[in-house]
Every structure is written in C-alpha cells, then in structure tokens.
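When we follow my numbering, the leftmost residue of the sequence shown carries the number 86, and every step to the right adds one.
Quick notes on the structure that follows.
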Amino acid sequence: MPSSSSSPEEKIGGLDGLLTLIGIVPARARFIGGAVASSLLSSLSLGLSFGMMGAAFLPTGPLIPFLMGSWVGHTFGLYHHYRQSRNDSLTVARNFPSILAHAMWTEFGVIVPSDVVSATEERCRQHNGKVDKQIAQDIAKKNAAMMDQWIQLQGYKMVGFAILSVPQCAENIEEIQRQERNNLMQDHQEKFCPT
Numbered sequence: 086m087p088s089s090s091s092s093p094e095e096k097i098g099g100l101d102g103l104l105t106l107i108g109i110v111p112a113r114a115r116f117i118g119g120a121v122a123s124s125l126l127s128s129l130s131l132g133l134s135f136g137m138m139g140a141a142f143l144p145t146g147p148l149i150p151f152l153m154g155s156w157v158g159h160t161f162g163l164y165h166h167y168r169q170s171r172n173d174s175l176t177v178a179r180n181f182p183s184i185l186a187h188a189m190w191t192e193f194g195v196i197v198p199s200d201v202v203s204a205t206e207e208r209c210r211q212h213n214g215k216v217d218k219q220i221a222q223d224i225a226k227k228n229a230a231m232m233d234q235w236i237q238l239q240g241y242k243m244v245g246f247a248i249l250s251v252p253q254c255a256e257n258i259e260e261i262q263r264q265e266r267n268n269l270m271q272d273h274q275e276k277f278c279p280t
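Laid out in structure tokens, this is it:
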C-alpha cells in the first residue's frame, strides 16, 4: 500500500521526469544559452588559434594574441548569433505571420496590426498558388507592409521582440511543417505507388 509521503524520485517520475523537467526552458533562456554557446565556442577557437600563432611567430608570446583572438571571437560569435536569430525570426514572420503575431502578443503584449498579418497571409497563399490574380492586385493596391517589413521598420526593439517570440512558436511551426510533409508523402504515394 503506497504511503502518503512520496519520495522525490516518485514526484519527479525517475530519470524521464527529470529530463522532462529540465527540458522546460523559457524562450529567453534558450536565446541566452545559444548566445553564450556561440560566443564561447568562437572565442575559444580564435583565442587558441591566435595564441598558438603568437607563440610561434611573435615576440610577445601567446598571451596577448590569445586575449585579442578571444575578444574578436566573442564579438564575432555574438554578432553571428544575433544575425542568425534575426533572419530566423523574419522568415517565421514571412511564412507564419499569425502564429508569430500571437506569440508576440502573449509574450510581450505587442499588438501587430491586423492588416499587416492579413496581407502577409494573403501573400503566403499567393506564393503557394492559392490566391487568384484579383486578390493579388488588391494587396498590391493597398501597398500593405508585410510582417517582416513591418518588424524591421519598427526598429531594434520590435526585432528583439520577434527574436524572443520565435522559440515560443517553434513547436507549433514544426508541427505544421510535419503535417505538410505527411500530406506531400501521401500525395506522392497515391500518385506513384498505387496499391
């Protein structure tokens, strides 16, 4: 008969529960972790490379070149991580505008104008061949900004909100992409692999 007081192992559910517990990491912490990992890796790589070259070729020895290489590597790593995150967020804004707009609203209270979201969704449908020419002409006449353009026009603050909102909706986007891939596989099997 189980006792009313349970052990910590039972509360967590063993190793699987602990891994699940550890796996719940806020989006901001994931961004910071990625930035730290990127800067650390590039800082160490360039620092050690510069240090070895300094020891072999310079009269100063390895310390000064190591410090300079670490500084350059750290700066490059952070800049690279920012650019990659920015490009990812603009891609999500272009392809999944309503999901990103919802994430920005729930995470930071940022309200994306509905005409920006709807124009971007119409452009996505047009790109996928689902919109007729009349709707495409209406979008062009309205000259509505696409969501990725709108984010960039708002400045670094809005770009930052978009970057930090993308990890919140990444799981939903992966699910949509998985469903699209399954639909493509079913279509392929129906066309080329009749049973």
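Glycine included, C-beta positions come from ideal geometry on N, C-alpha and C.
- Query: Alpha carbon to alpha carbon, what distance is there between residue 183 and residue 159?
  - Reply: 35 angstroms
- Task: Return the CA-CA distance between residue 168 and residue 120, expressed in angstroms with no decimal places.
- Result: 11 angstroms
- Answer with buried or exposed for residue 114, where buried requires no fewer than 16 other C-beta atoms within 10 angstroms of its C-beta. exposed
- Query: Under 8 angstroms between the Cβ atoms of residue 154 and residue 134?
  - Reply: Yes. Within cutoff.
- Under the assumption that residue 185 contacts residue 251 (Cβ atoms under 8 angstroms), give the Cβ distance between them as a whole number of angstroms. 7 angstroms
- Distance, residue 262 Cα to residue 100 Cα: Residue placement at residue 100 is poorly supported in this model, since its pLDDT is 48, which falls under 50; the coordinates still yield a value, given next. When rounded, the separation of the alpha-carbon atoms in residue 100 and residue 262 is 30 angstroms.
- Distance, Cα to Cα, residue 255 vs residue 175? 13 angstroms
- Is it right to say residue 253 is buried, meaning 16 or more other beta carbons lie within 10 angstroms of its own, or is it exposed? buried
- Neighbourhood of residue 151 by C-beta, 8 angstroms cutoff - its chain only, sequence neighbours within 5 removed: So the qualifying residues of the chain are 132, 133, 135, 136, 139.
- Thinking C-alpha only, which one of 201, 249, 210 is nearest residue 230? 201
- Query: Which ranges would you report for the alpha helix (DSSP H) in the segment 238-278 if only whole runs of at least 4 residues count?
  - Reply: 241-277
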